[in-house]
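Here the structure is laid out as structure tokens; the discussion comes afterwards.
Protein chains: 4
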Amino acid sequence: MDEDALVSLRRELHRKPEPAWREFYTTARIVEELERFDLEALHVGPEALAGEHRMGVPDGAELAEWYDQATESGADPEILEALEGGYTGAVAVLECGEGPTVGLRVDIDGLPIEESEGKAHVPAAEGFRSEHEGAMHACGHDAHATVGIGVLEAIAESDFSGTLKLFFQPAEEVIGGGKAMAERGHLEDVEYLLAVHVGLDHPTGEIVAGIDGFLAVSHLEATFTGESAHAGASPEEGRNAIQALSTAVDNLYGIARHSDGATRVNVGVIEGGTAANIVAEQARLVAEVRGETTELMEYMRGRAETVLESAAGIHDCELTVEVGAQAPSAESDPELASIVGGVARGVDGVEGVLERDDLGGSEDATFLMREVQKNGGLACYVGVGTDHPGGHHTPTFDVDEATLAHGVAVLAGTIERLADRPV
Amino acid sequence: MDEDALVSLRRELHRKPEPAWREFYTTARIVEELERFDLEALHVGPEALAGEHRMGVPDGAELAEWYDQATESGADPEILEALEGGYTGAVAVLECGEGPTVGLRVDIDGLPIEESEGKAHVPAAEGFRSEHEGAMHACGHDAHATVGIGVLEAIAESDFSGTLKLFFQPAEEVIGGGKAMAERGHLEDVEYLLAVHVGLDHPTGEIVAGIDGFLAVSHLEATFTGESAHAGASPEEGRNAIQALSTAVDNLYGIARHSDGATRVNVGVIEGGTAANIVAEQARLVAEVRGETTELMEYMRGRAETVLESAAGIHDCELTVEVGAQAPSAESDPELASIVGGVARGVDGVEGVLERDDLGGSEDATFLMREVQKNGGLACYVGVGTDHPGGHHTPTFDVDEATLAHGVAVLAGTIERLADRPV
Amino acid sequence: MDEDALVSLRRELHRKPEPAWREFYTTARIVEELERFDLEALHVGPEALAGEHRMGVPDGAELAEWYDQATESGADPEILEALEGGYTGAVAVLECGEGPTVGLRVDIDGLPIEESEGKAHVPAAEGFRSEHEGAMHACGHDAHATVGIGVLEAIAESDFSGTLKLFFQPAEEVIGGGKAMAERGHLEDVEYLLAVHVGLDHPTGEIVAGIDGFLAVSHLEATFTGESAHAGASPEEGRNAIQALSTAVDNLYGIARHSDGATRVNVGVIEGGTAANIVAEQARLVAEVRGETTELMEYMRGRAETVLESAAGIHDCELTVEVGAQAPSAESDPELASIVGGVARGVDGVEGVLERDDLGGSEDATFLMREVQKNGGLACYVGVGTDHPGGHHTPTFDVDEATLAHGVAVLAGTIERLADRPV
Amino acid sequence: MDEDALVSLRRELHRKPEPAWREFYTTARIVEELERFDLEALHVGPEALAGEHRMGVPDGAELAEWYDQATESGADPEILEALEGGYTGAVAVLECGEGPTVGLRVDIDGLPIEESEGKAHVPAAEGFRSEHEGAMHACGHDAHATVGIGVLEAIAESDFSGTLKLFFQPAEEVIGGGKAMAERGHLEDVEYLLAVHVGLDHPTGEIVAGIDGFLAVSHLEATFTGESAHAGASPEEGRNAIQALSTAVDNLYGIARHSDGATRVNVGVIEGGTAANIVAEQARLVAEVRGETTELMEYMRGRAETVLESAAGIHDCELTVEVGAQAPSAESDPELASIVGGVARGVDGVEGVLERDDLGGSEDATFLMREVQKNGGLACYVGVGTDHPGGHHTPTFDVDEATLAHGVAVLAGTIERLADRPV
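Protein chains in written order, with our numbering: chain X, 656 to 1078; chain V, 656 to 1078; chain W, 656 to 1078; chain S, 656 to 1078.
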């Protein structure tokens, strides 16, 4: 694919962002592209994902709404059918003779963020802003999916000898799809795994050959159940779920920092109550905690659970906590990182190569990396710098499309090089 | 209407609770009943309500959903058409010769509460539980509407000489319809106004001839707007709207009690944020404050505004506050209350008459009462006791249907008596 | 005593305010005055108070400091000795022949408030501002003690036939002395009990013949004990008592208002921690809850205890709660109030008599009132209006000294009248 | 000094811990020791400290109390006189011929912590527990001062050729003395500066040759001033300083973590209000913020100021904030660290040498280190491992006295070695 084709595909995907497990249109569009190749295998639906390990799948009504929208947008009904029930994503296998099996993992989901309409925001200015109100590719996964297709094409057209497996992973943003993809079996024979992310505050022209410092993460969903009462006539009869939640929020953010390393906490979603004149019977929050190590994450989760329990107690509310999606930390293997770095230095447009960097965030690519490493393989998470005006997860995030080609060149180059590597 | 007919109509309405401004089915059903009578006039839609004074009308999508549901439930399309845009409720005028003009106001809206499915809950046990999930007649307005029809029929069949105007008012629960109905002009010639409420902790057989102590009330809707950020990678770049809201909730409930009398505050609805891993850009709360007098309510509102403003400031958020629906306090006129009491003492099944009682809540009937009193008329708010297992605004609220007849008899009897009253 | 003598005594006491149980100088000064009379008995120290019922007595070091100060101020060492250990206050018995036994209770303690130095503040302007920094007669008990002496003199010089018992009660402000005085036995033969308070927002010239509406009150002292840690090097090892306290404060003020009547809550004192760089091991709060009835006070106390317990739990702290001083509500007897009112109407300078009013605060005079009423006697709490520039318990509170004579005249007049009342 | 002499001096100092700027006895005792040597100069009082740069000096009454206590403990009155007004600490200059000028800085202050009385706590078991109730050497500064004397003696008795300056610095715990000592001029000619700390989670036998990772720190003292009111009679008239403080505490701990590195926040002291029944007019908190870099500390301070300002606003309180003591971060110079490491490896009892470690706390030794480095000199902060049962700043902290000799040997050895270093 030339640069124009990459840009065009990326923009198409950008227009149709779909949050976790709702990537119906996106998957169908990717599969259409995949069908251009002479693949050994193309896994979609339950063949691509270990169903029981999917985390954070929305309810049927929500899935149906996005499924219908994908249909209306012209997605191939036959493909869609295979994805029913939120089995989005795909695994493509390209065999090119003898040689190592190399995996490349890209994620494909969007975010529940309203995209900027500002003139300075290129997608708005150039007419490819999100058509799905309230959803946005605000983390570059549209670019990742595009790079994935680009790499596949480059390898298919190259002299590469070996097998390339491409993992189009859904639901990264909710730490929901990584484990399900890692556990489906397609990684068993993968000797080298690459994963990629654009941006991360690295400018266009910079490549990070080996990202570490993935924060371990755990999601928590807490529901406070009290008792409703007429707020004017008998406020004392209520057990106020909103007051309980509010006390919990104050104290979750107040969990003590830890001297062993970085921690994080965020209450990302709240909702509760039904009307101004009713003491709220129920309130719910969705939170996450992170730690530089799994231990630090668990410290945060332990403290968070205490906070939630006692905050409920202050207002005589019952509490249910669901510990949701979790991801471990992982390390990039230096040998593989070094190969990536070597290749990157020779790529047009690449002006700097960082040997390593910390992500400072979480990623469920770590499930796939650990799976490969457990089997004796090597893994490396690659950063492709791109000038991005707004931060990740903000309404003005965007990628410099010149960098799509960088990603393809670095990754495809590395894969080719691996075919020659003595085992 | 005999008791069976009253019970049957009440249960029919109970099955189809519709919250404020969405009483499409309810209004249509009431209008059907009204068409049985030889009315001088029947006002619906913009004829019944001063549109600009309606408060808390939901957006078009929400209205459309309930409108469609009413259509599907078999409501008369022609009537529905007149109600478009949330012009629910009706005013019926029955002329019966020379004499005073008497008004009766009943409210007709339901609440956003999920009705109990418990066996001990009569509507569930006897099969007339709400068919609208998440909505419920949890304050007896189904009974009020039924009593309204019952009184109309009783007067139509009586020797009453004068004019009866029946006000089926929508949106009482959001303090949204009273002012719009009071300002439409139909009260101008009303000399006596009666309003009615069942229950209020008074048992079956008890009548309260004159309720006072309406708490003045004001609704507030506050939106905190901060800035989203990736909660793992750059939490410091966020301006956290959920933390701002949470601080506001703590401090709203903490507004100092007032030595001049009763005050209330409630944050009834909260919502905010989009995903666990995004620092929330936006959060919203819906609250109400009340006071035993308008001054006390204004003290609460003033303090609430300060709290909201500064809570936003703590997290560098912008704040918008909409001061929503408000209702004043009002007093029942003793002369009219005394007539009600006299009539009540002679009604079958009535075992006790209280001269007066405090509501301890708010009501936008006060707009209608004050309008009539301003014109020199008399107003009286009448309580009809009914054993209710759960409190008002709770999932197990119910009315003792034996009391429907009490309400009809006391009100119709009073109206008849008024025809004979020397001016 | 003429007006000048009353003013002079009041100012002397005003200069030396002593908080609860520290009224050493004040008691000694009162006893000096009492020694002018031919008393049947003068009880001080453990004879005046049931020691085990004293509440809120400070520790020995604190008592010693105020004791020494009283000595330095020239208080009679012999009298002081009798008060050791915080047995302040006195009971004086004046026998004047056959007749009823009448009690008058006045309180004598000051408050821990820094008195205003403003020019508009009369005590500052006229040179009798508090000489005890941080303490102040900000509730008029200097006037009460003065009126007590004035009444004793007036009765001693009158034709009154009967017995007058004067109760100079300490520690009213901490609800600490009333029960101890009520339980000491001196009320057993008291047939009529009067108590008096100046001000209460009633202007000079107004007398309230019978105050009711005493809020029942309960004090709570909570200590949170966590674990200290170095705030920089190992914050996660701390269990933060200050965070626990802060969460408690938020939620104590957030206890739901009650539809049965007025409630109050206040956290009046906080302290905790030792240094900026140490996670606080300990924090303490002193709070009070009140209710229009004992039940309402108990509702507040029950909720407060839940809040404290769970707030401690959020931060893994231990909690100890001491439920401190409490006082019940009480009612003035109408028969006695009516006599007070009758007398008041004839007193020079009295321009208005209110039949009753609500205190809206708490008072441990209620212990004495209830004790007398239990024995079949009558009690009445009398308000003596006085223009006061600042509110009670504020740095600019002051009394209009013209009203000292009103108090003496109304109370002495009532006592004389009681001698003539047929039993 | 042999080990016994070191232990004996350390225990003597341990018995008399004195918090920041109150080290009267400690300084006098150190000066007594210093007088044993043939010093070129001995600076105490304003000669040792630049008065205007002292931070966190307590008020006169507090100073007087500790001064008197030192007198009573038998400190030399003549020395004490020189320290009046809180000019504690000392600078000793030992000249031993030609050669480099080397500085050694030790801190000498205790902490406001109540020392454990537990049997397992050696100072309690062996009878040298703190005699100053509420104060404790809980961070090992007693050991530091002792090591300082030990090093001086070792050098005086050695062949060292050059000048040794010993800085006995007061008020480290409040970040109060470092700048004042750094600015007094005695560092101008210092070519090498050593500083030392025991423990820090390093066991006996371990030496850290170069500690970095000092957190920059800033102290904040905030006073909220509202308005007092009677909590029962007119709560609405209060402007509640305790509620403001409590909201501030919640939100200070809730300041977002920063992706650039470690941050800290602690509210270490709170106090407010005067009585349970008075709405608190005033409340005060003492807090600190830290950051891995000065920028991070400033981020925290900026956010803290916003929180404080708006929290005051919620309750209509005025706010005054004093930004107190601050310290920058600093780095140990590798050349000097390497010399320390070389010496340490040859010291008896030293079993391991770490090349560097992070402090993870703050230290105002950084002022002295930066001053020397600014002048072209080298600085190194040395850790001397010691088994400590409880953590720093806890009631059971203690040092393994065997390590006193390690400290002396490593530091004296390094100083001797420096005399031979080619410039």
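Note that the Cβ used here is the ideal one computed from N, Cα and C, for glycine as well.
{"Asked": "For a quick check, are the C-beta atoms of E812(W) and M791(W) less than 7 Å apart?", "Found": "no"}
{"Asked": "Taking C-beta pairs closer than 8 Å, name the residues in chain V that Y722(S) reaches, listed in chain order.", "Found": "Those do not exist, as Y722(S) stays about 42 Å from chain V at its closest Cβ, beyond 8 Å."}
{"Asked": "Alpha carbon to alpha carbon, how far is E953(X) from A966(W)? Give it in angstroms, no decimals.", "Found": "22 Å"}
{"Asked": "At which residues does the alpha helix (DSSP H) containing D797(V) begin and terminate?", "Found": "796 to 811"}
{"Asked": "Less than 7 Å between the beta carbons of Q824(S) and R760(S), yes or no?", "Found": "yes"}
{"Asked": "Give the list of continuous alpha helix (DSSP H) stretches no shorter than 4 residues that lie fully inside the region 977 to 1024 of chain X.", "Found": "989 to 1000"}
{"Asked": "For G968(S), would you say it is in contact with chain X, using Cβ-to-Cβ distances shorter than 7 Å as the test?", "Found": "no"}
{"Asked": "Between which two residues does the beta strand (DSSP E) holding Y1036(V) run?", "Found": "1033 to 1039"}
{"Asked": "Specify the secondary structure class of D814(X) as computed by DSSP and reduced to three states.", "Found": "coil"}
{"Asked": "Listing by chain order, which chain X residues have their CB less than 7 Å from the CB of G1015(S)?", "Found": "S914"}
{"Asked": "Among the residues of its own chain, which have a CB less than 7 Å from the CB of D1012(X), if the five just before and after it don't count?", "Found": "V863, I866, G1038"}
{"Asked": "Taking I717(S) as the reference, give the member of D731(S), G741(S), G700(S) with the closest Cα.", "Found": "The sequence as given places Glu at residue 717(S); Ile does not occur at that position. For the residues D731(S), G741(S), G700(S), the minimum Cα distance to E717(S) belongs to G741(S)."}
{"Asked": "Which residue spans inside the region 697 to 729 of chain X form an unbroken alpha helix (DSSP H) run of at least 4?", "Found": "715 to 727"}
{"Asked": "Mind listing, in chain order, the continuous alpha helix (DSSP H) runs of no fewer than 4 residues lying wholly within the region 863 to 901 of chain X?", "Found": "none"}
{"Asked": "For a test of the three-state rule: what should DSSP assign to V829(S), helix, strand or coil?", "Found": "coil"}
{"Asked": "When the Cα atoms are used, what is the spatial distance from V924(V) to G789(V)?", "Found": "15 Å"}
{"Asked": "What does T902(V) touch in chain S if you count any residue whose Cβ is under 9 Å from its own?", "Found": "T902, D905, N906, G909, S965, A966, I969"}
{"Asked": "Which two residues bound the contiguous beta strand (DSSP E) that contains E936(X)?", "Found": "Run containing E936(X): none; DSSP gives neither H nor E here."}
{"Asked": "Using a Cβ distance threshold of 8 Å, determine whether the region 802 to 820 of chain V contacts the region 720 to 734 of chain V, with at least three qualifying pairs required.", "Found": "no"}
{"Asked": "For E673(W), return the contacting residues in chain S, with the cut-off set at a CB-CB distance below 9 Å.", "Found": "Those do not exist, as E673(W) stays about 14 Å from chain S at its closest Cβ, beyond 9 Å."}
{"Asked": "Per DSSP, which one or two residues make a beta bridge with Y847(V)?", "Found": "V757(V), L1033(V)"}
{"Asked": "Assign D659(V) to one of three DSSP states: helix, strand, or coil.", "Found": "helix"}
{"Asked": "Does the Cβ of G996(X) have 16 or more other Cβ atoms within 10 Å, making it buried, or fewer, making it exposed?", "Found": "buried"}
{"Asked": "Mind the definition here: the region 919 to 939 of chain V touches the region 980 to 997 of chain V only if three or more C-beta pairs lie below 8 Å; say whether that holds.", "Found": "no"}
{"Asked": "Does R919(S) get closer than 7 Å to chain X when you measure Cβ to Cβ?", "Found": "yes"}
{"Asked": "So which of P672(S), K820(S), A884(S), R919(S) has the shortest CA-CA distance to C794(S)?", "Found": "P672(S)"}
{"Asked": "What are the boundary residues of the alpha helix (DSSP H) that E750(V) is part of?", "Found": "Where E750(V) is concerned, there is no enclosing alpha helix (DSSP H), although the beta strand (DSSP E) it sits in stretches over 745 to 751."}
{"Asked": "Determine the chain S residues that contact N895(V) at a beta-carbon separation under 9 Å, and present them in chain order.", "Found": "G909, A911"}
{"Asked": "Around the Cβ of N1030(X), are there at least 16 other Cβ atoms within 10 angstroms (buried) or fewer (exposed)?", "Found": "exposed"}
{"Asked": "Please report whether the beta-carbon of V853(S) lies at a distance below 7 Å from any beta-carbon of chain V.", "Found": "no"}
{"Asked": "On the DSSP bridge assignment, give the partners of V1027(S) in chain order.", "Found": "Paired residues: none, contrary to the question."}
{"Asked": "How many Å lie between L664(X) and E808(X) at the Cα?", "Found": "13 Å"}
{"Asked": "Sort L735(V), V978(V), D905(V) by Cα distance to E876(V) and report the nearest one.", "Found": "V978(V)"}
{"Asked": "Beta carbon of L661(V), beta carbon of G854(V): below 7 Å?", "Found": "no"}
{"Asked": "Spatial neighbours of R1000(V) within its chain, please: CB distance less than 8 Å, with the 5 preceding and 5 following residues excluded, ordered by chain position.", "Found": "V1008"}
{"Asked": "Name the residue from L738(V), L819(V), R666(V) whose alpha carbon lies nearest to the alpha carbon of G754(V).", "Found": "L819(V)"}
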